[in-house]
């Protein structure tokens, strides 16, 4: 094992009362910042692999935007986003594998990270499909809210405000649901090879009992996504791998793992 890692006593575990939920630890408000620091260390130790996955994460939204600009056909957005939701977990699995290999003192490789999706392939696909279904549902709801806007009203802030408020509230609730479901599901599936229901319930339980630190983590992710869009997707080259590496350390910090370990 690398000298950067050592065995440490496990933090107290919190049981959920649900048999299929893996126990998790109580977090401190500053823990998400620590995950970023550890994620940055992984990024610096695997720059070539980081660039490979980062370019993919940046290329996908750029390609969607390019298709819309080229064709003027906004209907390509839905299938494109659905495809991204399906392959996103597999890209994240590669990043988690890199951090995992560094944790074990191994030299990560592209092929090894690509093969990470085979560890729990059925449930990984199930997770991707679940995210895609949720995304389709949200887009349908957003379309319904848009359809409710009376065409005879003038488009000013006063008239638009009720619909903007409704969309914001529903969108925030939907985003929160997705965050609960997906915060740690992928790392659980990778390391534990459990079924999808166990991984999802574990993720939801971990977020629920760590509301403040996980809210901070959600804000960090949202800020990173915002920076990525502001920079014309170039920011995703660094930020998405960083979030992926940090998520793995968040998983190690939060969910009971097979063996006690700590990354310094």
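In our numbering, the protein residues as written are 6 to 269. Ideal Cβ positions, reconstructed from N, Cα and C, are used throughout, including at glycine.
Output needed for residue i: all residues of its chain with C-beta closer than 7 Å, excluding positions within five of it in sequence on either side, in chain order.
i           : result
residue 200 : 128
residue 260 : 27, 29, 189, 193, 207 and 211
residue 63  : 238, 239, 241 and 242
residue 36  : 218 and 258
residue 105 : 253
residue 124 : 195 and 198
residue 172 : 147 and 150
residue 126 : none
residue 70  : none
residue 45  : 247
residue 47  : 103, 104, 107 and 250
Mapping the DSSP letters down to three states, classify residue i as helix, strand or coil.
i           : result
residue 255 : helix
residue 109 : coil
residue 31  : coil
residue 124 : coil
residue 169 : helix
Can you tell me whether residue i is buried or exposed? The criterion is at least 16 other CB atoms within 10 Å of its CB, across all chains shown.
i           : result
residue 210 : buried
residue 163 : exposed
residue 256 : buried
residue 40  : buried
residue 254 : buried
residue 122 : buried
residue 33  : exposed
residue 231 : exposed
residue 43  : buried
residue 234 : exposed
residue 153 : exposed
residue 133 : buried
residue 59  : buried
residue 181 : exposed
residue 94  : buried
residue 166 : exposed
residue 169 : exposed
Please list, in chain order, all residues of the same chain as residue i whose beta carbon is under 6 Å from its beta carbon, the five residues on each side excluded.
i           : result
residue 287 : With the chain running from 6 to 269 in the structure shown, residue 287 is simply not present.
residue 67  : 238
residue 185 : 209 and 212
residue 75  : none
Would you say residue i reaches chain C, if we count a Cβ-Cβ gap shorter than 9 Å as a contact?
i          : result
residue 41 : Considering every chain present, this structure includes no chain C. It has just one protein chain.
Who are the Cβ neighbours of residue i in its own chain at under 8 Å, not counting the five residues just before and after it?
i          : result
residue 61 : 96
When every heavy atom of the ligand HEM is checked, does at least one fall within less than 8 Å of the C-beta of residue i?
i           : result
residue 216 : The model on display carries no ligand, and the ligand HEM is accordingly not part of it.
Pairs of beta-carbons, one from the stretch 217-235 and one from the stretch 247-257, closer than 8 Å: are there three or more? yes
Would the stretch 196-212 count as touching the stretch 22-39 if we require 3 or more Cβ pairs under 8 Å? yes
Could you say if the stretch 54-65 and the stretch 94-111 meet the contact criterion of at least three C-beta pairs nearer than 8 Å? yes
Which runs of the beta strand (DSSP E) at least 3 residues long sit entirely within the stretch 194-251? Give them in chain order. none
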